[in-house]
Amino acid sequence: MPALAASPAAAPVQLDNATCLSCHDGKKGKLEVPGADGEARELHAVKPDKFGQSVHAKMSCVACHADIKDNAETANAHAKDPALKLAKVDCAGCHQQLWDDAKTAGTGKDKPQLELVAKNIAAYKASFHARPNADDATKPNASCDNCHDTHSFNVPAKKTPEYDQWRLGISNNCGTCHEDQLDDYAGSVHGKEVLEKNNPKAAVCSDCHGSHSITNSSGDPFKLAVTQQCGTCHEDNLKTYMSTYHGKISTLGYAYTAKCYDCHGSHKILKTDDPKSMVHIDNRLKTCQSCHSGKEDLALAPVGFSSFQPHGHGGDFNKYPEIWVAWQIMIQLLVGTFGFFWLHTLLWFFREYKERQLRKTQAHIKVEALPAHLNGKHVRRFSPIWRLAHITFALSLMILTLTGIPLFYPASPWAVPLMTALGGPHIAGLIHRVSAVIFAGVFFWHLFYITWRIAKNWSTFKFFGPDSLVPNLQDGKDMLAMFKWFFGKGPRPKFDRWTYWEKFDYWAPFWGVTIIGVSGLIMWFSNFFGAFLPGWVFNVAAIFHGEEAFLAVVFLFTVHFFNNHFRPDKFPLDVVMFTGTFSLEDFKHEHAKEYERLVASGELEKYLVDAPSPGKMAASRVLGFVLIVCGLTLLTLVGIGFFTSL
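If you count by this note's numbering, then the sequence shown holds residues 380 to 1025, one letter each, in order.
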């Protein structure tokens, strides 16, 4: 570009926008100036109409192009040597300075848009785009002007036709650098909606990658965030995905399980029924095997994986009948069990509390009437092997609960710290499985022991006798009598060796261990079962495992704790399961019918033992209180998780 001619009387050129646009309006053909390398370079052209509508329209050109000065001597707008490269405009520095000045002046709160720009600058500086370019380290991967034409930049207000039109151009803009990704996107279900159907509601690049805070897509932060981004449009699918093992691990902050793009693809996402889609029924197994490849710690995915329902839920019988049935079974079981026993607990507490208030429950045996050698004696109720089995059962169940609830309630505020404290999902899973083996071992040992005892005493054992835990007609009569007592319509019933609620506590683990154990084995050895079972079995197993575990934990730490520790006659703690004995007074009060039967048969003294030593009683109380505190802590975590997940 030739320098503007000067005359002796000419005034220096004023570098207003009109002067700049006299050359840079793009209407004078191809204007070139010599570059630093001696080669001609084309001048940048600014379209006045678009500049006039931009957010910078009221600014002067030299406000950004600060090294271009008026020069009275030469009247040359570009007073510096044109062979020297002009200083690069610093968009981020300018806006950051404006925001810093506003904060210093105390006017920052009046400039929310400027604050947003400052936040975007901070996000950009930490982004993948701000990193030095691999081919030219003096340049970033992308600068402001690569995405925003600074001379026409103006993001329209949302929910306007202008904004929709601006949004439709985002993908093509990104594609100027990311050509391969644009090609894939153009053939995807999202790209066709945007580029062919002009649907502004369909996903564009910035919806998944963000606008300023673009990170490396192979990094964990992006992997964890992109699923939530998918869920901003696909809300129902996000919810169902988050209920799977993959989704729960992601919620806990671990990125190694499958995300949306692992199954559906990233840029070239196709409809599910498209034969080329990664999740088409003919392609699912191959997609599963991209992660479950038989390498590292993941065995090769069997054929059953292809029919797993990652978005299955219990609310649609027509689409997911097996899952719906499983969900209904567990809901009815939960409602029925808690409905009955919580009512039973409340009524029991009320009646027993009222009787204590009326001072009706006095000592039930006049100790002075007993022979002297019986004073202070206890009745043996549980042998050492039973007590060992109980404590092992209780501890393994508590550990199972501790290691399982972060996955059951991964969004709960305590879930991430607890999983971190456990050492992460892999370590927690290992502890969980070891505890499960111990838990099952105690259960099967008990089955073997009971079978051996019955076989040994087959000729005299009575399945419906007083020493048997098999429910009988008398249990039904006792339950009815108990409810009459609850409502003041009859006396408190007398019980033999086992009460009806103790029998329920005994038999509940049989269905609980069966449900939890079988479903746990299916999920644990998924590759084995997936070789011959359909994929929906894993959906059903997850429901049975989680809901039955919830039932067991809440029942044990509410109803079972009340029956044995928290009701007024027992509060604050019953140590019989730790000492193995209880006093004659407690024996007659709790099991009056058995007491009378043993007295009548002359067998009572056969079961009498010395009272536990003070040290043993103290240790039993400490152990009991520790277990109760642990149980109530777990119950509190479950309660928080339950109510925060509603």
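Glycine is no exception: its CB is placed at the ideal position from the N, C-alpha and C atoms.
Assigned secondary structure, residue i (DSSP; H/G/I helix, E/B strand, else coil)
i	result
Phe601	helix
Val988	strand
Glu623	It should be noted that the sequence gives Thr, not Glu, for residue 623. In this structure, Thr623 counts as coil in the three-state DSSP scheme.
Thr960	strand
Pro993	helix
Asp845	A quick correction: the sequence has Pro, not Asp, at residue 845. Here Pro845 sits in coil by DSSP.
Leu394	coil
Pro511	strand
Pro804	helix
Pro796	helix
Pro519	strand
Asn697	coil
Trp837	coil
Val1017	helix
Ala451	Residue placement at Ala451 cannot be trusted, given a pLDDT of 46 that sits under 50; what the coordinates show is reported in the next sentence. Here Ala451 sits in coil by DSSP.
Val746	In this prediction, Val746 scores a pLDDT of 48, lower than 50, which makes its location untrustworthy; the coordinate-derived value is nonetheless stated afterwards. Correct three-state label for Val746: helix.
Asn595	coil
Ser401	helix
Asn551	helix
Val568	helix
Asn754	coil
Cβ-based burial, residue i [other Cβ within 10 Å; buried from 16]
i	result
Met777	buried
Phe842	exposed
Cys612	exposed
Leu786	buried
Pro381	The predicted position of Pro381 is uncertain, since its pLDDT is 41 and thus under 50; no value can be drawn from it.
His508	buried
His1036	Outside the displayed range of the chain (380 to 1025) lies residue 1036, so it cannot be described from this structure.
Phe934	buried
Thr630	buried
Ala451	Here the model assigns Ala451 a pLDDT of 46, short of 50, so the residue's position is not dependable, and the following value carries that caveat. Exposed is the call here.
Glu982	exposed
Val746	Residue confidence is low: Val746 scores 48 on pLDDT, short of 50, so the model does not pin down where it sits. Its coordinate-derived value is still stated next. It is exposed - the Cβ of Val746 has fewer than 16 other Cβ atoms within 10 Å.
Thr453	Residue confidence is low: Thr453 scores 47 on pLDDT, short of 50, so the model does not pin down where it sits. No coordinate-derived value is stated.
Ser775	buried
Ser898	buried
Cys556	exposed
Ile901	buried
Asn577	exposed
Glu558	exposed
Ile784	buried
Pro600	exposed
Ser685	buried
Residues of its chain near residue i, where Cβ-Cβ distance is below 8 Å and the 5 sequence neighbours each way are ignored
i	result
Pro387	Any reading at Pro387 must be qualified, since the residue scores a pLDDT of 45, below 50, and its modelled position is unreliable; the value itself is stated next. Once the five neighbours on either side are set aside, Pro387 has no close Cβ partner at all.
Asn499	Ser590, His591
Leu722	none
Leu1025	none
Chain-order list of residues whose beta-carbon lies under 7 Å from that of residue i (same chain, five-residue window excluded)
i	result
Phe822	Pro888, Val892
Asn533	Gln432, Ser433, Val434
Ile648	Ser567, Val568, His569
Glu575	none
Glu541	Pro535
Gly755	Ala990
Ser506	His591, Ser592, Ile593, Thr594
Residues of its chain near residue i, where Cβ-Cβ distance is below 6 Å and the 5 sequence neighbours each way are ignored
i	result
Asn851	Phe843
Ile628	Thr636, Pro804
Ala581	His569, Glu572, Val573
Pro993	none
Ser999	Val954, Phe957, Thr958
Lys490	Ala481
Range covered by the beta strand (DSSP E) that runs through residue i
i	result
His757	757-759
Residue span of the alpha helix (DSSP H) that contains residue i, given as start and end
i	result
Glu881	879-903
Ile764	763-787
Ala471	470-484
Does the count of Cβ pairs from the region 916-925 and the region 697-707 closer than 8 Å reach three? yes
Flag this pair as touching only if the region 431-440 and the region 393-403 have three or more C-beta atom pairs under 8 Å; answer yes or no. Enough Cβ pairs lie closer than 8 Å, so yes.
I want to know whether the region 900-914 touches the region 680-693 - three or more CB-CB distances under 8 Å. Three or more pairs of CB atoms, one per stretch, sit closer than 8 Å, so the region 900-914 contacts the region 680-693.
On the three-pair Cβ rule with 8 Å, is the region 604-623 touching the region 683-696? Yes: at least three Cβ pairs fall under 8 Å.
Is it the case that the region 923-933 contacts the region 969-984, given that we only count it when at least three CB pairs across the two stretches are under 8 Å? no
Contact between the region 965-973 and the region 868-876 (3+ Cβ pairs under 8 Å): yes
Three-pair Cβ contact test at 8 Å for the region 954-964 versus the region 751-763: yes
May I ask you to verify whether the region 578-589 touches the region 549-569, counting CB pairs closer than 8 Å and requiring at least 3? yes
If contact is defined by three or more beta carbon pairs under 8 Å, each pair taking one atom from either stretch, is the region 808-815 in contact with the region 830-842? no
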